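Residue numbers (the working numbering): 129 to 663.
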C-alpha cells in the first residue's frame with residue numbers, strides 16, 4: 129500500500145466524505161442488480177430497473193451498450209456518482225466477463241476499494257479469483273457481499289472457509305444470515321447488534337430493523353422461530369471464537385475482508401453494505417506517480433485518465449475520457465496542463481455520470497470521477513495537472529492473446545474502417561497493429577467475445593459491416609532496446625513487424641519458438657508483454 133503514515137493532516141471534509149470503489153464479481157453473481165439497488169438507496173433513482181429521477185429526466189441503468197442490453201452482461205466499465213447519507217459514493221462498475229479483464233484491470237487503478245460480490249450457492253468462482261488477484265496486486269481493501277441468500281445456498285462457514293482458502297484473505301462476518309433459501313428471514317447485524325428482517329412482498333422496500341440487546345434479548349423470539357434462533361446463537365458464538373474481529377488497519381491493508389449477507393434482488397442487506405462502505409471504506413488515497421506521489425489534500429488539481437469510452441452518444445461522434453481526480457478541488461472552466469503533450473486544456477464541459485446519463489459537473493474533488501468529452505486528445509494513462517509535470521504510474525496495457533485480420537465488407541470503405549479501428553484502439557477496447565508489409569490491419573484482443581463486440585459496435589456506430597479472419601500470428605510483443613539494434617532487428621524481420629496505434633514497434637509471433645529465437649539471436653533487443661499506458 130502507498131505510504132499513508134499517521135502524521136498526515138486530516139483531509140478536508142469535502143474530500144474525506146468521498147468513497148470511490150469498484151464492484152467485482154463473476155458474471156451472474158448479481159453485480160448489476162446490486163449496482164441498481166445502490167442507486168435506489170442513494171436516492172438517485174426511484175425504482176430499480178426502470179430508472180427515473182429529477183424532473184422525470186429518464187435515466188437508464190448501468191448497462192448502456194446495445195450488446196450489453198441484449199446479452200445482459202456488462203462489457204464496459206461505467207462510473208456513477210450519488211450521495212448516501214453525508215457521503216458521496218463514486219461507484220465504478222466493472223465488466224464481470226473474463227474477456228474484458230484488461231478494462232477491469234485499468235478501472236481498479238482508479239478506485240480506493242473494491243466490493244466483491246459472490247453467489248451464496250456457487251461461492252468463489254474463477255473470474256472472481258482473477259479479479260481478486262488484481263486487487264491483491266494493488267493491495268486494495270475489499271468488502272464482501274454474499275448475494276442470493278434467499279435461494280438455496282451453501283453453509284455459511286463453508287462459504288467463509290472457501291474465501292479464506294482460495295483467496296488467502298481473512299474473513300470477519302459483519303452480519304449473519306438467519307435461515308437459507310425459502311426459510312431465509314434476514315440477518316443479525318453483528319457490528320451494530322440489530323435484527324434485519326427481509327420483506328419478500330416488495331422488492332424495493334428497505335428491510336425492517338429491530339434494535340436488540342445482544343443475542344439473548346427475548347425480543348428475538350417474537351420474530352425468529354425457535355429452531356432458527358438456536359442455530360443463529362450457536363453459529364454466531366462459533367464465528368466469534370473462530371474468526372477474527374473487524375480490524376480496520378488489516379482491512380485497509382487488504383488482508384482482511386468483512387462479509388455481509390443478503391439478497392440484492394430483494395433489496396436486502398444492501399443498506400448495511402452501504403453503511404459499511406461509508407463507515408469502514410477508505411477515504412481517497414495517495415496516488416503513485418513520477419517523480420513524486422500525489423496526496424489527495426494538495427490544493428492543486430491532478431487527475432489521470434483510466435478509461436476512454438467512444439460514442440456514448442451515437443448522435444455525436446464523441447469520446448469521453450473518464451478521469452479520476454487524485455488531488456485538489458476542480459472547478460468547471462479550469463485550465464489544466466495535458467502532461468503528455470505539455471499543452472493547456474480548458475475543461476469547459478466536464479460531466480458526472482449516472483449510468484449513461486450525464487450532468488455538467490460544476491465542481492469535483494479528489495476521489496471523484498469526471499468525464500471529459502474530447503476529440504481524441506486524451507488517451508488512457510494521460511495525466512492532467514495545474515502545471516506540474518507529474519505522471520501517474522501503474523496503468524498497464526497487456527499483450528493480446530488472440531489476433532485476427534480485419535477487413536471491411538465494402539472495400540471502398542477501408543479509410544472508414546481505419547478511423548473506427550483507431551478510435552477503438554485509443555479507447556483501449558482492442559489493440560490495432562499495422563503490419564509493415566501488405567495492407568490491412570491485425571486486431572488483437574484478450575477474449576474471443578471482444579471480436580463480436582467490436583464487429584457489432586463498428587456496424588452500429590459507423591454503419592460498416594466487417595469481417596474478422598484467422599491470422600497467421602498468435603501473439604504480439606512490444607520491442608525495445610538500443611535504437612540501432614531495434615532498427616537492425618526490424619529490417620531483418622520485416623514480415624513480423626507492425627506498429628501499434630501509438631506508433632510503437634511490435635513483433636507479431638506465430639509460436640513461442642519465434643520469441644525464443646529473438647532472445648537467442650538478438651540479445652540487445654527486448655520483447656515485453658506489457659507496456660505502461662503513457663508517453
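Just so you know, even glycine gets a beta-carbon here, dropped at the ideal spot from N, CA and C.
As the structure is a computational prediction, the values presented were derived from the model and not from experiment.
- By the neighbour-count criterion, in which a residue is buried when 16 or more other Cβ atoms sit within 10 angstroms of its Cβ, residue 234 is buried.
- In this structure, the beta-carbon distance from residue 215 to residue 167 does not fall below 8 Å.
- Residue 560 is positioned such that its CB atom lies no closer than 8 Å to that of residue 624.
- Judged by DSSP in its simplified three-state form, residue 375 adopts coil rather than helix or strand.
- Taken in chain order, the unbroken stretches of alpha helix (DSSP H) that lie wholly in the stretch 272-336 and span 4 residues or more are 284-295.
- Separation of residue 407 and residue 567 (C-alpha to C-alpha, rounded to the nearest whole angstrom) is 57 Å.
- Relative to the Cα of residue 593, the nearest Cα in the group 522, 644, 541 belongs to 541.
- Residue 565 counts as exposed, since fewer than 16 other beta carbons sit within 10 angstroms of its beta carbon.
- The continuous stretches of beta strand (DSSP E) do not include residue 567, and DSSP gives it neither H nor E.
- Beta bridge pairing from DSSP links residue 606 with 634, 656.
- Annotation: residue 481 to residue 631 spans about 32 Å, alpha carbon to alpha carbon.
- In the three-state reduction of the DSSP assignment, residue 639 falls in the coil class.
- Between residue 467 and residue 501 a beta carbon distance of about 19 Å is seen, past the 8 Å cut, so the two are scored as non-contacting.
- For residue 587, no beta strand (DSSP E) encloses it; the enclosing alpha helix (DSSP H) starts and ends at 577-590.
- Among the bridge pairs identified by DSSP, residue 472 is matched with 465.
- Taking C-beta atoms under 8 Å as the contact rule, residue 149 and residue 219 qualify, at a distance of about 6 Å.
- Restricted to the stretch 485-536, the beta strand (DSSP E) segments that are unbroken, complete and at least 3 residues in length are 485-488, 491-493, 497-502, 511-513, 524-526, 530-536, listed in chain order.
- One thing to note: residue 243 has its Cβ no nearer than 8 Å to the Cβ of residue 393.
- Judged by their CB atoms, residue 519 and residue 426 are not nearer to each other than the 8 Å cut-off.
- Inter-residue distance for residue 367 and residue 555 is about 46 Å (C-alpha atoms, whole angstroms).
- If you check the CB distance, residue 620 and residue 656 do not come in under 8 Å.
- Nearest C-alpha to residue 525 among 411, 606, 597, 575: 606.
- Residue 391 has 396 as its beta-bridge partners, per DSSP.
- Per DSSP, the unbroken beta strand (DSSP E) holding residue 559 starts and ends at 559-563.
- The C-alpha of residue 256 is placed about 14 Å away from the C-alpha of residue 287.
- An exposed status is given to residue 600, since fewer than 16 other beta-carbon atoms sit within 10 Å of its beta-carbon.
- Look at residue 247 here: in three-state DSSP terms it is strand.
- Going by DSSP, residue 614 is part of the alpha helix (DSSP H) stretching over 611-620.
- For residue 476, the closest of 456, 470, 499, 583 by C-alpha to C-alpha distance is 499.
- In terms of Cα proximity to residue 304, the closest of 285, 571, 295 is 285.
- For residue 343, there is no enclosing beta strand (DSSP E), as DSSP gives it neither H nor E.
- The beta carbon of residue 356 lies closer than 8 Å to those of 306, 307, 311, 313 in the same chain, with the five residues before and after it left out.
- A distance below 7 Å between beta-carbons, with the five flanking residues on each side excluded, links residue 402 to the following residues of its chain, in chain order: 166, 169, 212.
- When 337, 282, 509, 617 are compared, the shortest CA-CA separation from residue 659 is found for 509.
- Listed as beta-bridge partners of residue 414 by DSSP are no residues whatsoever.
- In this structure residue 265 is exposed. Its beta-carbon is surrounded by fewer than 16 other beta-carbon atoms within 10 angstroms.
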